[in-house]
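Residue numbers (this note's numbering): 15 to 593. Here a beta-carbon is modelled for each residue, glycine too, at the ideal position from N, C-alpha and C. See structure below.
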């Protein structure tokens, strides 16, 4: 306590350790003085109880913080120490997992943990990814599907080709995100500290006035009354209100597969009124398929050109084309450039190639109506091939949108895709407001229009073209399987593939803010009630210590109630949660 007070004073600020250290010093010093002069007014029992209850409150707070940190430790320990690498002759050698490199082939036994990120080779298997995604159900993986470090193979053995190891894995990125959120000082916590500092200044002023007043009225009671004011009004409960609630909330969200990158997002999430979703890869499954190709010449040649353009893109359409051309010899296309929200372009044999929606692929031509829902490969002479794609709604998308409506959050779709596919998806999911052929600038304009009407907007996306929109939203939510740029621009990453994690996160954020405000009101009410009695001499120092400590315990224990019962995604409006 004394060390904390000295640090605060050197930094020229008033922390809650200042009145605590002052009270301890005065009580102990006065008790020693009374003992030496043979007096009977000693307060060793009061100072002991004061310190005991303060430490008990801090112990409970530390336990809450450590429980939140346990998640990071558990994630960090998911990667196994050893891996079974398959040699060129088919033999298996056990090596350190840290010695794996990209391209290695690894065999994972049934019940074993995946040691690195890679792709499944051979037979299908079932995988438990619950520690990464928050989803308890096992996932069936087939050949060429990704396997993530830290997941558990339930039905093996499984062979995997290593792609990423160590700090480059998805698991390492999740650990970094969780650690970043837990170490960040959110705006709420900083404002709470400033409020506590102002409160400390007022407490010290009140204690001084109490000492002066009793020195005039009855000097024999001045010491006890001043001590009681110092002790009973210690701002511990007020200072604990914010960190106790936020620490609990961050840990619960991470366990549900909702990784909060910026802790300030919890406050804004609780106030959300609108959610703007990208469609492709967000509301629809990230894995699309080509169901029909119309080509001007040989289909495989057209696929080779399209795949050469698409191979370096993370967009689901590009991935589908690249996968369809897996067995086709690669074409040599140069000067490849991805145009966010439109497509990809490059050069081949002095021709300008474009792959994307018709308006982008054929800038000098009027697109035919038949191309409205196609991905077009074209050069300056016209259409080379049309790729007609099929997509499915993401699991849980419909339930998520319904739950958001119950929470009073209006949902819109803003997509760069063609009108026909956006309208079809909106009808499937029951979304009334939708916008097609949106460039990143168009999406950002839509966001700004909503915010101009006092809306608090969540933007949800997964691709590189979503990064500007995510950066401009009140709360940016990126899908865990999205691009690195989208995740870097986000406040929250959904590592779970189930979109229902988003309304659950909003409900939990609202519960967090309700508990936080309740704790602050309780701390304020307690002090307003207790200080006058202490100043008037009705509260002995031992009772002041007990009251102060109990108020802190109430705040900490109340914060641990967050998420005890899964918050229902119904009815609670933003202004009600913040009231």
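Give the range of the alpha helix (DSSP H) segment to which residue i is assigned.
{"i": "residue 374", "result": "372 to 375"}
{"i": "residue 415", "result": "411 to 420"}
{"i": "residue 544", "result": "515 to 549"}
{"i": "residue 362", "result": "Element bounds for residue 362: not the alpha helix (DSSP H) but the beta strand (DSSP E), 357 to 362."}
{"i": "residue 391", "result": "Careful: residue 391 lies outside any alpha helix (DSSP H), inside the beta strand (DSSP E) at 388 to 393."}
{"i": "residue 561", "result": "555 to 573"}
{"i": "residue 32", "result": "31 to 50"}
{"i": "residue 326", "result": "Element bounds for residue 326: n/a, residue is neither H nor E."}
State buried or exposed for residue i, treating a residue as buried only when at least 16 other CB atoms are found within 10 Å of its CB.
{"i": "residue 287", "result": "buried"}
{"i": "residue 182", "result": "exposed"}
{"i": "residue 282", "result": "buried"}
{"i": "residue 233", "result": "exposed"}
{"i": "residue 400", "result": "buried"}
{"i": "residue 518", "result": "buried"}
{"i": "residue 351", "result": "exposed"}
{"i": "residue 590", "result": "Below a pLDDT of 50, predicted positions are generally treated as unreliable, and residue 590, at 39, falls in that range; the measurement from the model is reported next regardless. Classification of residue 590: exposed, given that the 10 Å Cβ count is below 16."}
{"i": "residue 158", "result": "exposed"}
{"i": "residue 378", "result": "exposed"}
{"i": "residue 131", "result": "buried"}
{"i": "residue 29", "result": "buried"}
{"i": "residue 240", "result": "buried"}
{"i": "residue 292", "result": "buried"}
{"i": "residue 326", "result": "exposed"}
{"i": "residue 222", "result": "exposed"}
{"i": "residue 103", "result": "exposed"}
{"i": "residue 394", "result": "exposed"}
{"i": "residue 543", "result": "exposed"}
{"i": "residue 444", "result": "exposed"}
{"i": "residue 398", "result": "buried"}
{"i": "residue 406", "result": "exposed"}
{"i": "residue 587", "result": "Residue placement at residue 587 is poorly supported in this model, since its pLDDT is 42, which falls under 50; the coordinates still yield a value, given next. Exposed: under 16 other Cβ atoms inside 10 Å."}
{"i": "residue 307", "result": "buried"}
Confirm, please, whether the CB-CB distance from residue j to residue i is below 7 Å.
{"i": "residue 95", "j": "residue 128", "result": "no"}
{"i": "residue 126", "j": "residue 573", "result": "no"}
{"i": "residue 294", "j": "residue 474", "result": "no"}
{"i": "residue 360", "j": "residue 347", "result": "yes"}
{"i": "residue 31", "j": "residue 19", "result": "yes"}
{"i": "residue 134", "j": "residue 114", "result": "no"}
{"i": "residue 310", "j": "residue 387", "result": "no"}
{"i": "residue 334", "j": "residue 302", "result": "yes"}
{"i": "residue 217", "j": "residue 247", "result": "yes"}
{"i": "residue 512", "j": "residue 577", "result": "no"}
{"i": "residue 450", "j": "residue 433", "result": "yes"}
{"i": "residue 57", "j": "residue 41", "result": "yes"}
{"i": "residue 526", "j": "residue 280", "result": "yes"}
{"i": "residue 324", "j": "residue 336", "result": "yes"}
{"i": "residue 138", "j": "residue 119", "result": "no"}
{"i": "residue 112", "j": "residue 170", "result": "no"}
{"i": "residue 64", "j": "residue 245", "result": "yes"}
{"i": "residue 345", "j": "residue 318", "result": "yes"}
{"i": "residue 533", "j": "residue 255", "result": "yes"}
{"i": "residue 320", "j": "residue 421", "result": "no"}
{"i": "residue 515", "j": "residue 423", "result": "no"}
{"i": "residue 117", "j": "residue 173", "result": "no"}
{"i": "residue 266", "j": "residue 243", "result": "no"}
Can you check DSSP and say which residues form a bridge with residue i?
{"i": "residue 492", "result": "475, 507"}
{"i": "residue 140", "result": "154"}
{"i": "residue 610", "result": "There is no way to answer for residue 610, as the model of the chain reaches only from 15 to 593."}
{"i": "residue 174", "result": "120, 134"}
{"i": "residue 96", "result": "110"}
{"i": "residue 26", "result": "DSSP, once it has assigned bridges, lists no residue as partnering residue 26."}
{"i": "residue 365", "result": "362"}
{"i": "residue 308", "result": "400"}
{"i": "residue 319", "result": "For residue 319, which the question treats as bridged, DSSP gives no partner whatsoever."}
{"i": "residue 160", "result": "133"}
{"i": "residue 166", "result": "127, 142"}
{"i": "residue 298", "result": "407"}
Quick one: is residue i near chain D, going by C-beta distance under 7 Å?
{"i": "residue 447", "result": "Among the protein chains of the structure shown there is no chain D, as only one such chain exists."}
Could you spell out the range, first to last residue, of the beta strand (DSSP E) harbouring residue i?
{"i": "residue 57", "result": "No beta strand (DSSP E) contains residue 57, which DSSP labels as neither H nor E."}
{"i": "residue 350", "result": "348 to 353"}
Checklist line | 3-residue-minimum beta strand (DSSP E) runs that sit fully inside the stretch 422 to 469, ordered along the chain | finding: For the stretch 422 to 469, whole beta strand (DSSP E) runs of length 3 or above, ordered along the chain, are 424 to 428, 447 to 449.
Check: What are the complete alpha helix (DSSP H) segments, minimum 4 residues, inside the stretch 235 to 296?
Finding: Correct list: 250 to 269, 279 to 284.
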